[in-house]
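Structure record follows, encoded as structure tokens.
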Amino acid sequence: MAVTMPAFLLPHTVTVKPYAGTGAYGPSFGRPFTIRRAYVEDRRRLVRASDGAETISETTVVVRPGPAIPAGSEVTVWPGTPAARTATVITSSTFDHPSAPAHVEITLT
662 MAVTMPAFLL PHTVTVKPYA GTGAYGPSFG RPFTIRRAYV EDRRRLVRAS DGAETISETT
722 VVVRPGPAIP AGSEVTVWPG TPAARTATVI TSSTFDHPSA PAHVEITLT
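Each residue of the sequence shown is one higher than the last, beginning at 662 in my numbering.
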């Protein structure tokens, strides 16, 4: 059984609109959902997107494993505050090891 990330390490809330594909009018998204246990860190770093291109990530979000958050999804950080903003998912990586807390790391534009 995987160890879960302790709640005290995940004090933030984020809202996710999962990417569902591209239609005739551009990208389409699934029903938005809220993750009440997250860690949001505004930190600029260079990441490699799924297509291999190097890009700059402005924010990293850590959540417990759960619903899929594919690249292209929209994530709103700091919802309900003056600092709220919506960014696009560059990568979503799952980390799962029997002796370490399982989590998903999401990099945002």
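Glycine residues also receive a C-beta, built at the ideal position from the N, C-alpha and C atoms.
Give the single residue among the options whose Cα lies nearest to the Cα of residue i.
{"i": "ILE730", "options": "PRO759, GLY682 and ALA714", "result": "GLY682"}
{"i": "ARG756", "options": "ARG697, ALA744, GLY727 and SER718", "result": "Reading off the sequence shown, one finds Phe at residue 756, where the question assumed Arg. Among ARG697, ALA744, GLY727 and SER718, the Cα nearest to that of PHE756 belongs to GLY727."}
{"i": "LYS678", "options": "PHE669, PRO667, THR665 and ARG692", "result": "ARG692"}
{"i": "ARG705", "options": "THR676, SER718, GLY687 and TYR686", "result": "SER718"}
{"i": "ASP703", "options": "VAL722, SER734, PRO667 and VAL675", "result": "VAL722"}
{"i": "SER734", "options": "GLY741, PHE694 and PHE669", "result": "PHE694"}
{"i": "THR742", "options": "PRO667, THR676, ALA663 and ALA668", "result": "THR676"}
Any idea if residue i is buried or exposed, counting beta-carbon neighbours within 10 angstroms, 16 or more meaning buried?
{"i": "TYR680", "result": "buried"}
{"i": "SER689", "result": "exposed"}
{"i": "LEU671", "result": "buried"}
{"i": "ILE767", "result": "buried"}
{"i": "SER753", "result": "buried"}
Which same chain residues end up closer than 6 Å to residue i when comparing Cβ atoms and leaving out the 5 residues on each side of it in sequence?
{"i": "VAL724", "result": "ILE696, ALA699 and VAL765"}
{"i": "SER711", "result": "ALA732"}
Taking residue i and residue j to be in contact with their CB atoms under 8 Å, please state how far apart those CB atoms are, rounded to whole angstroms.
{"i": "VAL701", "j": "THR720", "result": "6 Å"}
{"i": "PRO759", "j": "THR665", "result": "With a Cβ gap of about 12 Å, PRO759 and THR665 do not count as contacting."}
{"i": "ALA744", "j": "LEU769", "result": "The pair is not a contact, with the Cβ atoms about 14 Å apart (cut-off 8 Å)."}
Below 8 Å CB to CB, which residues in the same chain sit around residue i once its five sequence neighbours on both sides are set aside?
{"i": "ARG746", "result": "THR737, VAL738 and TRP739"}
{"i": "ALA668", "result": "ARG698"}
{"i": "TYR686", "result": "none"}
Residues in the same chain with beta-carbon distance under 7 Å from residue i, minus the five sequence neighbours each way, listed in chain order, please.
{"i": "THR716", "result": "VAL708, ALA710 and ILE751"}
{"i": "HIS673", "result": "ALA699, TYR700 and VAL701"}
3-residue-minimum beta strand (DSSP E) runs that sit fully inside the region 675 to 708, ordered along the chain: 680 to 684 and 687 to 690
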